[in-house]
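If you read the sequence shown in this note's numbering, its first letter stands for residue 203, the second for the next number, and so on.
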Amino acid sequence: RGTLVQRNIVREIGMFQKQSSAWFQARTAQTHLKHNIFFNGPRAGINFNDGFGGGNEIDSNLVFNQCRESSDHGPFNSWDRLPFWTDVPGKPSLTPLYNDIHHNFFICNYGSDICIDNDDGSAYYKLHNNFEVYGGHKSDFGGHNKFTYNSVVAYAKDYGEGL
Numbered sequence: 203r204g205t206l207v208q209r210n211i212v213r214e215i216g217m218f219q220k221q222s223s224a225w226f227q228a229r230t231a232q233t234h235l236k237h238n239i240f241f242n243g244p245r246a247g248i249n250f251n252d253g254f255g256g257g258n259e260i261d262s263n264l265v266f267n268q269c270r271e272s273s274d275h276g277p278f279n280s281w282d283r284l285p286f287w288t289d290v291p292g293k294p295s296l297t298p299l300y301n302d303i304h305h306n307f308f309i310c311n312y313g314s315d316i317c318i319d320n321d322d323g324s325a326y327y328k329l330h331n332n333f334e335v336y337g338g339h340k341s342d343f344g345g346h347n348k349f350t351y352n353s354v355v356a357y358a359k360d361y362g363e364g365l
């Protein structure tokens, strides 16, 4: 809770562990990823395993050349299959704080299909002021409370195109 990850360059991962990401998190909350450069990875550059307590912020990052060993998602991937009872919102609750993804530069090249993939019940996201190239944003499989605004999607493509 309250982890700060900033000013890192993470590259050439996935040589031995094919399911790795530059940043993976599970059962944590209120993480702040900022001013990082993540590239040349086998799967998503940033992967959120669950929604847990929310309150995460991802801003001012450059993420590209992801999904070199897979295809389904892209620079950011999340899933959230179970609710958690936490006190992160200030009192015990099953409703997490919103995750805020903003002012990032995501390039959906290599095997990437979607710049921001909120998958499998992902909920409580604010996606705004991002620059997304060759992708866009997917939201499916029961997720809700996701807001996308003020972002630029350059050279957008439909989900599944090219698979």
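C-beta: ideal position from N, C-alpha, C; glycine also.
- Within the DSSP bridge table, the entry for F333 names F307 and V354 as partners.
- Of the other Cβ atoms in all chains shown, fewer than 16 fall within 10 Å of the Cβ of Q219; this residue is therefore exposed.
- In the three-state DSSP reduction, K359 falls in the coil class, being neither helix nor strand.
- 9 Å or more divides the Cβ of E259 from the Cβ of L296.
- Annotation: A356 to W281 spans about 25 Å, alpha carbon to alpha carbon.
- With fewer than 16 other Cβ atoms inside 10 Å of its own Cβ, R213 counts as exposed.
- One thing to note: V265 has its Cβ within 9 Å of the Cβ of F240.
- At a cut-off of 3 residues, the continuous stretches assigned as beta strand (DSSP E) that sit fully inside the segment 265-297 are 278-280.
- Distance from the Cα of S273 is smallest, within the candidate group P244, V290, G256 and R283, for P244.
- When secondary structure is reduced to three states using DSSP, H346 falls in the coil class, being assigned neither helix nor strand.
- Linking R283 to N301 through their CA atoms gives a straight-line distance of about 16 Å.
- CA-to-CA, the gap between L329 and K340 works out to about 11 Å.
- Residue environment analysis places T233 among the buried positions, since at least 16 neighbouring C-beta atoms fall within 10 angstroms of its C-beta.
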